[in-house]
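Since the structure comes first, as structure tokens, the remarks are kept for the end.
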Amino acid sequence: MKRLTALVLVLALGACKQDQPAPSQKIADAADQLIAKASGTQPAVMLGQGAFAPRDECADIPGASEFRERLAQAVSDRDVEGLVALVANDVRLDFGGGEGANLLRAHLTQPDRTLWDELSDLLVLGCAKNDQGGITIPWYFDQDFGDIDPENGMIVTGEDVPLLAAPAKDAEEVRKLSWDVAELPDSLRPGDPFQKVMLADKAEGYVATDKLRSLVGYRLIASSRNGKWSITSLVAGD
């Protein structure tokens with residue numbers, strides 16, 4: 176628990192070094208603290224600034240912190256058996272019927288797969304309490320994106336990311352984005368350094384590809400069964 180708390184604090188402090196919270200954010204944080212105190216729950220730890228910046232709201236779920244410590248250790252060590260030990264026997268791995276610990280083991284040991292990298296990325300994207308009493312990683316996956324089409328939706332992964340008028344580093348900056356959600360008006364072009372995006376207010380521009388992540392990218396869902404926490408789903412897509 177202490178190691179996980181320290182990790183969360185490091186991430187939070189790293190985010191704060193980039194930008195001090197605006198007064199409105201401080202007021203919102205104070206309100207969250209008061210509501211949490213009144214309800215007897217722990218407030219979510221903010222890991223960045225922005226509407227969909229990662230939050231950790233899973234610290235007060237019994238057993239979840241210990242489970243996440245083991246998960247983080249297995250991912251850090253690239254420990255195949257350590258990770259397999261954390262999944263349910265019927266863990267869902269795709270939408271075509273693929274499931275089970277043996278299939279996950281096969282995915283993790285294939286040299287041309289990047290599942291370990293995906294898992295590493297997930298661990299810094301926060302944790303949400305889900306409606307089934309378990310946890311969802313990343314945090315934003317359990318949030319309401321309004322009219323955004325999840326299949327074409329992207330989240331801007333960072334603070335003060337430039338929205339550019341053209342797909343070039345030296346293009347005019349339209350505005351800065353911080354953990355905003357946008358849609359791709361055209362199809363994703365994975366090999367391009369920039370992607371055209373449209374924001375909720377219909378503003379358009381270009382964002383660096385490495386600062387975008389699909390709303391339906393990899394996510395991990397875990398829950399407690401008979402007192403044991405296990406990963407029940409590790410999928411991408413919709």
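Sequence positions in the sequence shown follow the numbering used here and run 176 to 413.
Glycine included, every Cβ here is placed at the ideal spot set by N, Cα and C.
Range of the contiguous alpha helix (DSSP H) that encloses Q248 | Counting along the chain, the unbroken alpha helix (DSSP H) around Q248 starts and ends at 239-252.
Residue range of the beta strand (DSSP E) that includes G328 | 328-331
Three-state class that DSSP yields for D259 in the structure shown = For clarity, residue 259 is Val in the given sequence; the question names Asp instead. In the structure shown, V259 sits in a helix (DSSP, three-state: H, G or I).
Spatial distance of E232 from A239 (CA atoms) = If I take the Cα positions, the gap works out to 11 Å.
Nearest to G321 (by Cα), restricted to the options E347, L395, E334, E358 | E358
W426 lies in the beta strand (DSSP E); which residues open and close that run?
-> Since the first residue of the chain shown is 176 and the last is 413, residue 426 is not available in this structure.
Straight-line gap, S415 to G380 (C-alpha atoms, nearest Å) | Within the shown structure, residues of the chain are numbered from 176 to 413, placing residue 415 beyond reach of any answer.
Backbone CA spacing between P342 and K371 [nearest angstrom] | One Cα belongs to P342, the other to K371, and the distance between them is close to 8 Å.
Keeping to the same chain, check which residues put their C-beta closer than 7 Å to that of L298; ignore five residues upstream and five downstream.
-> The residues are A247, V250.
In or out: E348 buried (at least 16 other Cβ within 10 Å) or exposed?
-> exposed
Can you name the start and end residues of the alpha helix (DSSP H) that L297 belongs to?
-> 290-297
State the CB to CB distance for the pair V331 and D355, rounded to an integer number of angstroms; the pair is presumed to be in contact (CB under 8 Å).
-> 5 Å
7 Å Cβ shell around L294 - same chain, five flanking residues per side excluded | V250
Where do the N-terminal and C-terminal ends of the beta strand (DSSP E) with L279 fall, by residue?
-> Per DSSP, L279 belongs to no beta strand (DSSP E); it is in the alpha helix (DSSP H), 276-284.
Exposed or buried, what is R253 when buried is set at 16 or more other beta-carbons lying within 10 Å of its beta-carbon?
-> exposed
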